[in-house]
Amino acid sequence: FVRPKRPLGPYDTSEAVTPWEQATTYNNFYEFGTDKGDPARMAASLKPRPWTVKIDGEVKRPQTVDIDTLQGWFPLEDRVYRMRCVEGWSMVMPWLGFSLAALIRRLEPTSKAKYVQFTSLYDPKQFPGQRGTVLDWPYVEGLRLDEALHPLAFMAVGLDGRVLPGQNGAPLRLVVPWKYGFKNIKSIVRITLTAQQPKTTWALAAPDEYGFYANVNPAVPHPRWSQATERRIGELGRRPTLPFNGYADQVAGLYRGMDLRRNF
Amino acid sequence: MSARSPGPRATARPARPLPWLVPAVTVGGLVPAVMLVQDALTGALGANPIQRATLQTGLLTLALLVLSLACTPLRLVTGWTWPARIRKALGLLAFGYGVLHFGIYLLDHGFNLGQITEDVLERPFVTAGFTALLLLVPLALTSRRDSVRRLGFERWTRLHRLVYAAVSVGTLHYYWGVKKDHTPPLIYAAVIAVLFVIRWVARRPRRQGRAGAGRAAG
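Here it is in structure tokens:
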């Protein structure tokens, strides 16, 4: 496929982008099923329009906003980010979307706001995987407010210049490239600013395996496998995993003084 | 099949019934390996072929091991003798896929011995899988018929009870390897439990020497 050529921005990686075919058929999206192929197979059952996003909690202007209105608030930009799954594989994804910081600032958090909580759609008719209890639905993720305001934190509405496919989290998903993939919550219907740390889905499901921070860290193994290496999809060998997925220069400061083994 | 004429049978040793059975099981058991190679060459293993091949060989190991364990219960329940004759082939196929599974894992980690040792020693998930494979090694080595003679039937039988440990630890390995949906490994565990119960129930009356048990013998 043809990708529009453009100069790389300060946040882009110049690494080879994962082919569309693989980026859209090898997905973790348990709302569609636990097999990597389930999301692509079942994605047609998700209706990404009409779609509204409820914004509430510690904001000066709580509101429910249509997805097209919301994405019209910001100029859309391309970001080529690495994506590292907690399972030990990675991709390079050409996202299209807008800065999360710009969205948060527009919502005007109150002084009590310390965290941002995201909630995925709960609708077993559209998400057949939600008829089972493999996770506690709906999927919830969260960031500390300073993480959410970091210029790398991104809201994607498209992939490779096209509308985001259902299996990749249409119509709106979070992308925080220095964290494991499961933080990148998909099909968001609600954004809540909170004073308390959100109770996030995987941290609730297996607290000894998945933490709230979930920063990519080769030095902290998953209890069942090492995180020191990863397989880039499309390659046969493994490559070393980089601290903060290679974004340490930009984000390590957010965690200064924290014990990253405890806050994994 | 031979007719029931007394002529040829009187002179030759009685032919084993179903002579095609063991070759058929062996060839059938190797088909998934051929398909795996074909899928690997045609790209049909998907975006993460090594992970897929690891999973498939692991599942084949466990499935064949369970099938080999089903032979005796099947014989006890039905009285058929043929399941006993394919048990060895199923067991060896299981071992072969186990070796392949471990080989792909080694390849996946670039034969990095430090990494592999750390995995085996520190990650119960890997420890369990490695243990299961180790337990199968003496069984594969003593699978020849003359091993039974050399060891003596009693000792050989005791040694081959290791398969119960291997299948249990192997299932635990599968259970620990799953990220969240534990249904498939639990199905395996349930099948294995049922097979154990059948053995236990079917053997109990004989051990107690109850009247009428002799009817089933033969």
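Here the protein sequences line up with chains A and E, keeping their order. Start counting the first sequence at 3; every next residue gets the next number (this note's numbering). Start counting the second sequence at 55; every next residue gets the next number (this note's numbering). We put the beta carbon where it would ideally sit given N, CA and C, even for glycine. No experiment lies behind these values; they were computed from the predicted model shown.
In angstroms, rounded to a whole number, what distance separates the CA positions of residue i and residue j?
{"i": "residue 246 of chain E", "j": "residue 120 of chain E", "result": "7 angstroms"}
{"i": "residue 244 of chain E", "j": "residue 139 of chain E", "result": "25 angstroms"}
{"i": "residue 240 of chain E", "j": "residue 101 of chain E", "result": "27 angstroms"}
{"i": "residue 169 of chain E", "j": "residue 223 of chain A", "result": "12 angstroms"}
{"i": "residue 17 of chain A", "j": "residue 139 of chain A", "result": "35 angstroms"}
{"i": "residue 37 of chain E", "j": "residue 223 of chain E", "result": "Since the first residue shown for chain E is 55 and the last is 272, residue 37 of chain E is missing from the structure and cannot be characterised."}
{"i": "residue 251 of chain A", "j": "residue 244 of chain A", "result": "11 angstroms"}
{"i": "residue 189 of chain A", "j": "residue 185 of chain E", "result": "42 angstroms"}
{"i": "residue 52 of chain A", "j": "residue 115 of chain E", "result": "48 angstroms"}
{"i": "residue 160 of chain E", "j": "residue 126 of chain A", "result": "40 angstroms"}
{"i": "residue 228 of chain A", "j": "residue 91 of chain A", "result": "12 angstroms"}
{"i": "residue 39 of chain A", "j": "residue 109 of chain E", "result": "14 angstroms"}
{"i": "residue 265 of chain E", "j": "residue 132 of chain E", "result": "At residue 265 of chain E the pLDDT is 45, less than 50, meaning the model places this residue with poor confidence; the figure from the coordinates comes in the next sentence. In a straight line, the C-alpha of residue 265 of chain E is about 20 angstroms away from that of residue 132 of chain E."}
{"i": "residue 123 of chain E", "j": "residue 260 of chain A", "result": "52 angstroms"}
{"i": "residue 155 of chain E", "j": "residue 67 of chain A", "result": "51 angstroms"}
{"i": "residue 141 of chain E", "j": "residue 200 of chain E", "result": "16 angstroms"}
{"i": "residue 3 of chain A", "j": "residue 9 of chain A", "result": "Note that residue 3 of chain A scores a pLDDT of 40, beneath 50, so its modelled location is shaky and nothing firm can be said."}
{"i": "residue 73 of chain E", "j": "residue 136 of chain E", "result": "10 angstroms"}
{"i": "residue 115 of chain A", "j": "residue 146 of chain A", "result": "9 angstroms"}
{"i": "residue 220 of chain A", "j": "residue 208 of chain E", "result": "51 angstroms"}
{"i": "residue 49 of chain A", "j": "residue 55 of chain A", "result": "14 angstroms"}
{"i": "residue 75 of chain E", "j": "residue 81 of chain E", "result": "10 angstroms"}
Grouping DSSP H, G and I as helix and E and B as strand, with all else coil, what is residue i?
{"i": "residue 185 of chain A", "result": "helix"}
{"i": "residue 99 of chain A", "result": "strand"}
{"i": "residue 91 of chain A", "result": "strand"}
{"i": "residue 76 of chain E", "result": "helix"}
{"i": "residue 250 of chain E", "result": "helix"}
{"i": "residue 73 of chain A", "result": "helix"}
{"i": "residue 122 of chain E", "result": "helix"}
{"i": "residue 138 of chain A", "result": "coil"}
{"i": "residue 62 of chain A", "result": "coil"}
{"i": "residue 165 of chain E", "result": "coil"}
{"i": "residue 258 of chain E", "result": "helix"}
{"i": "residue 56 of chain A", "result": "strand"}
{"i": "residue 51 of chain A", "result": "coil"}
{"i": "residue 60 of chain E", "result": "Any answer about residue 60 of chain E is weak, because its pLDDT of 48 lies below 50 and its placement is not dependable; what the coordinates show is given next. Looking at residue 60 of chain E - three-state DSSP - the assignment turns out to be helix."}
{"i": "residue 19 of chain A", "result": "coil"}
{"i": "residue 172 of chain E", "result": "helix"}
{"i": "residue 31 of chain A", "result": "strand"}
{"i": "residue 34 of chain E", "result": "A query on residue 34 of chain E cannot be resolved here, the shown segment of chain E reaching from 55 to 272 and no further."}
{"i": "residue 37 of chain A", "result": "coil"}
{"i": "residue 81 of chain A", "result": "strand"}
{"i": "residue 198 of chain E", "result": "coil"}
Pick from the options: whose alpha carbon is nearest that of residue i?
{"i": "residue 94 of chain E", "options": "A:125, A:192 and A:236", "result": "A:236"}
{"i": "residue 234 of chain E", "options": "A:85, A:260, A:94 and A:36", "result": "A:36"}
{"i": "residue 94 of chain A", "options": "A:70, A:73, A:177 and A:112", "result": "A:177"}
{"i": "residue 185 of chain A", "options": "A:73, A:165, A:150 and A:196", "result": "A:150"}
{"i": "residue 216 of chain E", "options": "E:231, E:196 and E:206", "result": "E:196"}
{"i": "residue 88 of chain E", "options": "E:164, E:161 and E:111", "result": "E:111"}
{"i": "residue 20 of chain A", "options": "A:197, A:233, A:165 and A:256", "result": "A:233"}
{"i": "residue 232 of chain E", "options": "E:104, E:75 and E:113", "result": "E:113"}
{"i": "residue 15 of chain A", "options": "A:82, A:106 and A:135", "result": "A:82"}
{"i": "residue 99 of chain A", "options": "A:262, A:157 and A:27", "result": "A:157"}
{"i": "residue 72 of chain A", "options": "A:42, A:255 and A:106", "result": "A:106"}
{"i": "residue 42 of chain A", "options": "A:171, A:260 and A:9", "result": "A:171"}
{"i": "residue 103 of chain A", "options": "A:218, A:118, A:136 and A:113", "result": "A:118"}
{"i": "residue 144 of chain E", "options": "E:98, E:178, E:125 and E:211", "result": "E:125"}
{"i": "residue 239 of chain A", "options": "E:190, E:165, E:98 and E:84", "result": "E:165"}
{"i": "residue 46 of chain A", "options": "A:167, A:152 and A:255", "result": "A:167"}
{"i": "residue 251 of chain E", "options": "E:183, E:80, E:77 and E:218", "result": "E:218"}
{"i": "residue 79 of chain A", "options": "A:231, A:49, A:113 and A:162", "result": "A:162"}
{"i": "residue 213 of chain A", "options": "A:266, A:241, A:242 and A:230", "result": "A:266"}
{"i": "residue 152 of chain E", "options": "E:77, E:71 and E:225", "result": "E:225"}
Measure the Cβ-Cβ separation of residue i and residue j and say whether it is below 7 angstroms.
{"i": "residue 253 of chain E", "j": "residue 127 of chain E", "result": "yes"}
{"i": "residue 225 of chain A", "j": "residue 211 of chain A", "result": "yes"}
{"i": "residue 84 of chain A", "j": "residue 179 of chain A", "result": "yes"}
{"i": "residue 104 of chain E", "j": "residue 162 of chain E", "result": "yes"}
{"i": "residue 193 of chain A", "j": "residue 57 of chain A", "result": "yes"}
{"i": "residue 110 of chain A", "j": "residue 181 of chain A", "result": "no"}
{"i": "residue 142 of chain A", "j": "residue 121 of chain A", "result": "yes"}
{"i": "residue 190 of chain E", "j": "residue 220 of chain E", "result": "yes"}
{"i": "residue 33 of chain A", "j": "residue 160 of chain A", "result": "no"}
{"i": "residue 60 of chain A", "j": "residue 112 of chain A", "result": "yes"}
{"i": "residue 169 of chain A", "j": "residue 31 of chain A", "result": "yes"}
{"i": "residue 83 of chain E", "j": "residue 147 of chain E", "result": "yes"}
Complete beta strand (DSSP E) runs within the region 188–266 of chain A (minimum length 3 residues, chain order) = 190–196 and 231–234
task = Run through the region 110–182 of chain A for me and flag every whole alpha helix (DSSP H) of 4 or more residues, listed as ranges in chain order.
result = 147–150
task = Entirely within the region 224–249 of chain E and at least 4 residues each: give me those alpha helix (DSSP H) ranges in chain order.
result = none
key: Continuous alpha helix (DSSP H) assignments of at least 4 residues falling wholly in the region 82–153 of chain E   = 103–132
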